[in-house]
Ligand SMILES: [Zn+2]
């Protein structure tokens, strides 16, 4: 279940990543290094013990399945965040991800960030945002990986807290009046979606749209009311004019009018197959993804939180779809082009990405 060997075609394919939570790329090695640097005691005596802690499959949801004592994915994820303290820490996190992108031939990405989880720990928003801003600038120069980031409201926190966090982060946005530092150009959602429908954050989306930012809505798979959340994202947020993308959204298949609605409105899905593979069998999951492709839903393949999902990164997620959906090389290039069409890079960058994808040899 955890990973497949990555073939040269997938390895070399030019990639765009649109659904990755930056703290979900914090490697055990960087976590260990930052814990030492910041004098933070981890509950692991050795690096090997820390590595072993990642072998768990975090596929349990207390709010849905009850508490059986096992840690959930989000508990592991937020435990990892504890080592991120200084601007340099956030910079290193951003640079490590962008360097990894270069190794996987990810040519452009739009990582999710949030400040709320860090403000809560006493870290100023400016520390988080300046660290990522400098990584954005240096990552483009050093690794040739361009990025535009997405500011997330935390789904399980009060609306007002999210609005305050957005107001504080706004100087780091790329605003339509030409001001702002240019780190993020969109808003989205992250954290636990249980009983927290997208419309709860309507006010935040409206403010961000007025600022000229894009909107993407995270709709977790098989969460309670999952299809209803997708329905709201499509039809109701900002009077049906809100979201341009849906992150995950696999539950569009649960109700017959949702796939046609996606296609009519040109809303794409940023899928992360390995995240679902933790909870669904190969025989259940991949026919669903194939069905979406056959129904011409615009979708692209991403990694979500690779270090907490068995070290399966975007290349591993693509390999799974390539193998288990039995797609052709041309199909995979098509998915890559979907990512380019769905991304919010400038027109010149998009054009260059399309040229790279057109040059891929798709002969079988
Ligand atoms: Zn996600």
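Residue numbers (my numbering): 2 to 365. Ideal Cβ placement from N, Cα and C applies to all residues, glycine included.
Is residue i near ligand 1, in the sense that its beta carbon is under 7 Å from a heavy atom of that ligand?
i: residue 230; result: no
i: residue 22; result: yes
i: residue 219; result: yes
i: residue 157; result: no
i: residue 305; result: yes
i: residue 248; result: yes
Could you tell me the boundaries of the alpha helix (DSSP H) in which residue i lies?
i: residue 314; result: Counting along the chain, residue 314 falls outside any alpha helix (DSSP H), and DSSP gives it neither H nor E.
i: residue 359; result: 348–359
i: residue 146; result: Unbroken run through residue 146: none, as it is neither H nor E.
i: residue 260; result: 259–266
i: residue 294; result: 283–295
i: residue 330; result: 330–343
i: residue 208; result: 203–211
i: residue 195; result: First-last for residue 195: undefined, no H or E at that position.
i: residue 1; result: In the structure displayed, the chain extends from 2 to 365; residue 1 sits before or after that span and is not available.
i: residue 11; result: 9–13
i: residue 176; result: From DSSP, residue 176 is part of no alpha helix (DSSP H); its letter is neither H nor E.
i: residue 37; result: 29–38
i: residue 43; result: Residue 43 -> no alpha helix (DSSP H), and no H or E assigned at all.
Nearest to residue i by alpha carbon, out of the options?
i: residue 239; options: 205, 219, 264, 275; result: 205
i: residue 298; options: 317, 175, 180, 252; result: 252
i: residue 362; options: 14, 261, 325; result: 14
i: residue 88; options: 132, 69, 81; result: 132
i: residue 359; options: 16, 3, 4, 9; result: 16
i: residue 194; options: 10, 178, 357, 158; result: 158
i: residue 57; options: 43, 72, 47; result: 72
i: residue 44; options: 81, 242, 235; result: 81
i: residue 162; options: 178, 317, 259, 116; result: 116
i: residue 41; options: 83, 200, 169; result: 83
i: residue 93; options: 110, 53, 134, 47; result: 134
i: residue 154; options: 172, 287, 200, 255; result: 200
i: residue 143; options: 192, 293, 98; result: 98
Look at residue i and residue j and say whether their C-beta atoms are less than 8 Å apart.
i: residue 35; j: residue 85; result: yes
i: residue 271; j: residue 246; result: yes
i: residue 96; j: residue 136; result: yes
i: residue 345; j: residue 187; result: yes
i: residue 313; j: residue 275; result: yes
i: residue 303; j: residue 129; result: no
i: residue 152; j: residue 118; result: no
i: residue 176; j: residue 212; result: yes
i: residue 26; j: residue 308; result: yes
i: residue 225; j: residue 203; result: no
i: residue 315; j: residue 146; result: no
i: residue 285; j: residue 268; result: no
i: residue 10; j: residue 330; result: yes
i: residue 279; j: residue 39; result: no
i: residue 301; j: residue 343; result: yes
i: residue 166; j: residue 126; result: yes
i: residue 326; j: residue 305; result: no
i: residue 102; j: residue 6; result: no
i: residue 220; j: residue 234; result: yes
i: residue 319; j: residue 333; result: yes
Which stretch, first to last residue, makes up the beta strand (DSSP E) that contains residue i?
i: residue 218; result: 215–220
i: residue 185; result: 185–191
i: residue 24; result: Neither: residue 24 is in no beta strand (DSSP E) and is coded neither H nor E.
i: residue 249; result: 246–249
i: residue 269; result: 269–272
i: residue 231; result: Careful: residue 231 lies outside any beta strand (DSSP E), inside the alpha helix (DSSP H) at 227–236.
i: residue 300; result: 300–302
i: residue 56; result: Careful: residue 56 lies outside any beta strand (DSSP E) and carries neither H nor E.
i: residue 16; result: 16–18
Check your understanding: Fully enclosed by the segment 66–127, which beta strand (DSSP E) runs are 3 residues long or longer?
Key -> 107–110
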